[in-house]
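Presented below is the structure to which this report refers.
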Amino acid sequence: MEDINKLREEFVRECKGISSLKQLNDLRIKYLGKKGLLTQRLKALSALPPAERPAAGKEINILKRYVEAEIKRLEGDLSTLESRKKVATGFIDITIPGKYIPAGSRHPINRVLDEIVDIFLFMGFTVEEGPEVEMDYYNFEALNIPRDHPARDMQDTFYVETDGERQSSSPVDKEGAESDVVLRTHTSPVQIRVMEKQKPPLRFIAPGKVYRCDSDVSHTPMFHQVEGLMVGEDITFANVKSVLKLFVQSLFSVDTPVRFRPSYFPFTEPSAEIDIGCVLCSGAGCRVCKGTGWIEVLGAGMVHPKVFEGVGYDTEKYTGFAFGMGVERLTMLKYGIDDIRLFYENDLRFLRQF
Ligand code: PHE
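Under the numbering used here, residues 5 to 358 are what the sequence shown spells out, in order.
Written out as structure tokens, the structure reads:
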């Protein structure tokens, strides 16, 4: 016991003098090496009378574990200290290249969507959302799209199968194939949902996914639209023109030619389509603009009184305008992309360019 206590005191004293990893290693060998002080004592156990062996062995092992732990602790302290010294003396090679961390990039659709949202936020619009799985009522009925309207054709609309009862008002064709739940074919139903909850004046856009049963170089079954609605007491067609012209010229460039062409939508009257001078041929006529020099980018118009009546707005007091645009199409024009399917093929060679 006395011997072991002395050894412990000696070790503690020696530890205080250690100031390098080299010295520490020498200390380790001195105590724990093959012929080390502790190793010797463990070997010597067999020379003791059998009755004393367990107690002596226990003491030696306790000290051994202490020595091991202390050496480990000192090793940690000393290596931090030594690497700090290395940095201080300029030993570390800072020219070694760093680790390469590959970063993704934003999808072109989201980039343009964000830009569109920013432009309208700047004009004081807020952002609203609505469901992609929509009631027939909001997608068609409330928007003054009659049951025999071509937009309801099974070719364009994805109907969602519903089990259980149909509402009595649900549209059912001769085969009974239609359902009163659809994947929204445009973002216009959000107009109705917001007007049902809010009173004028209001001014918002509604970006989101829409679905149509269609697929070729310029159509995908899912694409994105941004809807817009502004309702108040003195809204006129002049507001449609100023807001949409400012929008288009902010998204493209200040000198982009813009023209309004009469058109038809069941939920607006009068209605217009807005064209911009073809960004690819600057109006000279090309494949993309089909030789006309103009490309359609927006649908718009003054909200139809029937739509206001459906949501309980006073049609004598309020007027408003609505518009809708396709984000894929705007993105294709902005970046000169000629096949819409590229957006959804996840080809990194395409995506990395943005
Ligand atoms: N919902 C129309 C479409 O998808 C676009 C539109 C929106 C037109 C609002 C006029 C007003 O084609």
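Where a beta carbon is used, it is the ideal one built from N, C-alpha and C, also for glycine.
At a cut-off of 7 angstroms, the beta-carbon of residue 237 does not count as near ligand 1: no heavy atom of the ligand is closer than that. With 16 or more other CB atoms across the displayed protein chains lying within 10 angstroms of its CB, residue 143 is buried.
Relative to the Cα of residue 241, the nearest Cα in the group 25, 326, 206 belongs to 326. Taking the Cα positions, residue 266 is about 53 angstroms away from residue 105. By the Cβ test, the segment 206-216 is in contact with the segment 119-137, since at least three Cβ pairs between them sit closer than 8 angstroms. As a beta-bridge residue in DSSP terms, residue 236 pairs with 323. Residue pairing from DSSP places residue 215 in a beta bridge opposite 226. Around the beta carbon of residue 16, fewer than 16 other beta carbons lie within 10 angstroms, which makes this residue exposed. At least one heavy atom of ligand 1 lies less than 7 angstroms from the C-beta of residue 275. Taking 7 angstroms as the cut-off, one finds at least one heavy atom of ligand 1 near enough to the beta carbon of residue 305. Runs of beta strand (DSSP E) with 3 or more residues, each lying fully within the segment 118-150, are found at 137-139, listed in chain order.
Out of 192, 245, 154, 196, the CA that lies nearest to the CA of residue 314 is found in 196. Across the set 13, 322, 304, the C-alpha of 304 shows the shortest separation from the C-alpha of residue 277.
DSSP places residue 33 in the helix class (H, G or I) of the three-state scheme. For the pair residue 296 and residue 281, the Cα-to-Cα distance works out to about 9 angstroms. Distances from the CB of residue 134 to the heavy atoms of ligand 1 are all 7 angstroms or more. Assigned with DSSP and collapsed to three states, residue 291 falls in coil, not helix or strand. Annotation for residue 339: no beta strand (DSSP E) segment contains it, though the alpha helix (DSSP H) segment containing it runs 331-339. Rounded to the nearest angstrom, the gap between the Cα atoms of residue 219 and residue 356 is 25 angstroms. A residue is called buried once 16 or more other Cβ atoms fall within 10 Å of its Cβ, and residue 44, having fewer, is exposed. If you draw a straight line from the Cα of residue 78 to the Cα of residue 85, it is about 10 angstroms long.
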